[in-house]
Each structure stands twice: as C-alpha cells, then as structure tokens.
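Have a look at the structure below, then the notes.
Residue numbers (the working numbering): -13 to 228.
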C-alpha cells in the first residue's frame, strides 16, 4: 500500500468517524454523565469491540483472497452496492433532531438491552445514562463492558468494513502489513473523535445543531461512499475484462 492510498483512507475514515454513530453518542453521553477520566474505560471497551469486529472481517477477507479469489470479486461488487446505498442514505439524512436527543435515545436503548442482558446474567445493572437521580455510579468494569456491548451490537460495522476496506487493499501484495496499517489508521480516526466527543461533546453538539451543518457532514460522507463505490465497481469491471 502506498502512502498516498493510506492518506486517502485515513482522510475518508476521519470524516466518516466524525458522524455521530452509536459509539460516538455513547462517548458523548458518558463524558457528560461520568467525566472524562471514567469514560476512558468506556472508550477502551468501544475500541475492543471495534477491534473484534474488524479482526473478524480481515480474517474473512484473508481466507477468501487465498482460497476463493472469484468470491472476493463478488464481495467487492456487493460492497460497492452497499456503499452506494450508504451514500444515498447519508445524502438524504437531513440531520433532524439534535445530538442531545439522539444521545438520550441511545441511552434508553443501551439501558434496556444491556441492562436486560446483565439482569439475566445475575449481575448488577448499570444505572440510566441520563438519570441524575440515581446516586450509585457504575463500576469501571461496567463502563468497560457497556462499551464492548454497544460496539459489538452493531453488526452493520462488519458489512461496512467488508465493503469499505477492499478498495484500499492490494491483494497481490502481503496482506497483514496492509491490515496493520489500515487498522492503525482506523483506530486513530475513531480514537480522536471519541475523545473529542467525550471532552467537548456539548460544544460540538451545539455547533453541529446550527443550521444544516450536521446534514452537510452527512452529505460529505455520502459523497465519499459513492466515490469509493465507483472505484470498486471499476475494479470489478476490469477484472472481467482481463
């Protein structure tokens, strides 16, 4: 992988990571509720969950590239179609509502899903993310496990990785050095924005909620998805012409 291609990958993931998805909203809400120091446990959990999903995807691509190259072409085509869908969806997303309301909705979902899971396991349930009335603060382990749970409960991440990463991988060259480089780039982007959402979530939310800023951020990501999809489609077409 050339450094130019890595720079394109990092710039793309950096912009995409800025959008307020589940991981970022959790970092945002926990940063306000529990403070930066304790939220670091949650960020560690989010990173572990993301790493597990990413590793699963890369291992799958590694096996397919060696044993079934034709299937890799199909994955690229399906991935390109999925990126087109994401691009159109992102462009149409008007950014209705606010980050504050989105974070509260995620809080309710996490409390219901993760709380039920913990209850079945016979362990104490974490308090509501948005409840100031409950004085009992969750343990560091609970914060960490919640981060892992939220990250792993997003199976769409695997679809995204499988669709997004092949464009930046040279399957004719050694794969694992490329995997390591891409993983570093992705985690740099994710970690930077998780810290931003944790430290300055309120200011960032206020800025994005002005006018159409959040909508244009979504549209920018949509354009990136479409461009990468077009490049993947071009690779698929070229593979049939060889």
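Ideal placement from N, C-alpha and C gives every residue a C-beta, glycine not left out.
Residue environment, residue i, which counts as buried when at least 16 other CB atoms sit within 10 Å
i           : result
residue 189 : exposed
residue 112 : Low confidence applies here, because residue 112 scores a pLDDT of 42, under 50, leaving its location unreliable; read the following figure in that light. Buried is the call here.
residue 27  : buried
residue 10  : buried
residue 53  : exposed
Cβ pair residue i, residue j closer than 8 Å
i           : j           : result
residue 175 : residue -8  : no
residue 30  : residue 130 : yes
residue 22  : residue 215 : no
residue 173 : residue 33  : yes
residue 140 : residue 6   : no
residue 39  : residue 144 : yes
residue 179 : residue 4   : yes
residue 48  : residue 161 : yes
As assigned by DSSP and simplified to three states, the class of residue i
i           : result
residue 250 : There is no way to answer for residue 250, as the model of the chain reaches only from -13 to 228.
residue 155 : coil
residue -6  : helix
residue 19  : helix
residue 70  : helix
residue 132 : helix
residue 140 : coil
- Message: Any contact between the region 57 to 68 and the region 212 to 226? By contact I mean 3 or more CB pairs, one from each, below 8 Å.
- Response: yes
- Could you tell me whether the region 70 to 77 touches the region 178 to 187, where touching means 3 or more Cβ pairs closer than 8 Å? no
- Query: Does the pairing of the region 131 to 140 with the region -2 to 5 give three or more beta-carbon distances under 8 Å?
  - Reply: no
- Touching or not, the region 142 to 162 and the region 37 to 51, by the rule of three or more beta carbon pairs under 8 Å? yes
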